[in-house]
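Participant: In my numbering, the protein residues as written are 361 to 503.
All residues carry an ideal CB built from backbone N, CA and C; glycine is no exception.
Below are the structure tokens for one structure; questions will follow.
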Amino acid sequence: MTDSRKEEIIAYLEKPQTIYEEIIENQEEIKRLYEKAKSLKGIDYSEDKVQSSSLTGDANYVGIINEIEVIKEDIKEDTDRMIEARRKIKKSIAMLNDKDERKVLRYMYLDDCNIRTIMNKMHMSERTIYRYYSSALEKIIMV
361 MTDSRKEEII AYLEKPQTIY EEIIENQEEI KRLYEKAKSL KGIDYSEDKV QSSSLTGDAN
421 YVGIINEIEV IKEDIKEDTD RMIEARRKIK KSIAMLNDKD ERKVLRYMYL DDCNIRTIMN
481 KMHMSERTIY RYYSSALEKI IMV
């Protein structure tokens, strides 16, 4: 297997995790925008004096709320993409003939287990896990 093919397969298998990280970043951005919206200065009704009208505070607030809505829509789309990517990966893994190869890839890319955890679950050495992993990468078909 060429290095570029191996990288392509690994990127395919890691796609749900990459999308998940984008979702987390968007959620953090929403939190930041909510904090920014809370900090906007409102009208002070305790003052009796008349001040010149300025809509910049309202416009900023509306802009922030609109930005939050756009990001929420992005999160929804990313979630749909992640679900579809996981579905395709499950299908690709299911096409492998060897059950241990299927288990290794499933634990690694669907259950997000590290090598140590996979070793414990499968009662195999690290070397054996990597052997199954390499063999599975050679055989997997991207759908």
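How long is the line joining the alpha carbons of Ile425 and Ala454, rounded to whole angstroms?
Facilitator: Against the sequence shown, residue 425 aligns to sequence position 65. Against the sequence shown, residue 454 aligns to sequence position 94. About 43 Å.
Participant: CB-CB under 7 Å to Ile475, same chain, minus the five flanking residues each way: which ones, in chain order?
Facilitator: On the sequence shown, position 115 is the one that residue 475 refers to. The beta carbon of Ile475 lies closer than 7 Å to those of Glu486, Ile489 in the same chain, with the five residues before and after it left out.
Participant: Residue range of the alpha helix (DSSP H) that Asp472 falls in?
Facilitator: Numbered from its first residue, the sequence shown carries residue 472 at position 112. No alpha helix (DSSP H) holds Asp472; DSSP gives it neither H nor E.
Participant: So what's Ile501 in DSSP terms, helix, strand or just coil?
Facilitator: Residue 501 sits at position 141 when you count from the first residue of the sequence shown. Looking at Ile501 - three-state DSSP - the assignment turns out to be coil, as it is neither helix nor strand.
Participant: Would the beta-carbon of Lys366 fall within 8 Å of that of Leu497?
Facilitator: Along the sequence shown, one-based indexing puts residue 366 at 6. Along the sequence shown, one-based indexing puts residue 497 at 137. Closer than 8 Å, so yes.
Participant: Determine contact between the stretch 461 to 474 and the stretch 433 to 442, defined as no fewer than three beta-carbon pairs at a distance below 8 Å.
Facilitator: no
Participant: Nearest to Ile435 by CA position, among Arg462, Thr378, Glu374, is which residue?
Facilitator: Position 75 of the sequence shown, counted from the start, is the residue given in the question as residue 435. When each option's Cα is compared against that of Ile435, the closest is Thr378.
Participant: List the whole-angstrom C-beta distance separating Ile500 from Ile369, where the pair is believed to meet the contact cut-off of C-beta under 8 Å.
Facilitator: Translated into positions along the sequence shown, residue 500 becomes position 140. Translated into positions along the sequence shown, residue 369 becomes position 9. At roughly 6 Å, the Cβ-Cβ gap stays under 8 Å, so Ile500 and Ile369 are in contact.
Participant: Run through DSSP, which three-state label would Leu373 get?
Facilitator: For the purposes of this step, residue 373 is taken as the residue at position 13 of the sequence shown. Three-state DSSP puts Leu373 in a helix.
Participant: Run the CB neighbour count on Arg447, radius 10 Å, all protein chains shown included, and call it buried at 16 or more, exposed below.
Facilitator: In the sequence shown, the residue the question calls residue 447 occupies position 87. Classification for Arg447: exposed.
Participant: Sort Ser495, Tyr492, Ser494, Lys391 by Cα distance to Lys432 and report the nearest one.
Facilitator: The residue you call residue 432 lines up with position 72 of the sequence shown. Here the closest residue by C-alpha is Lys391.
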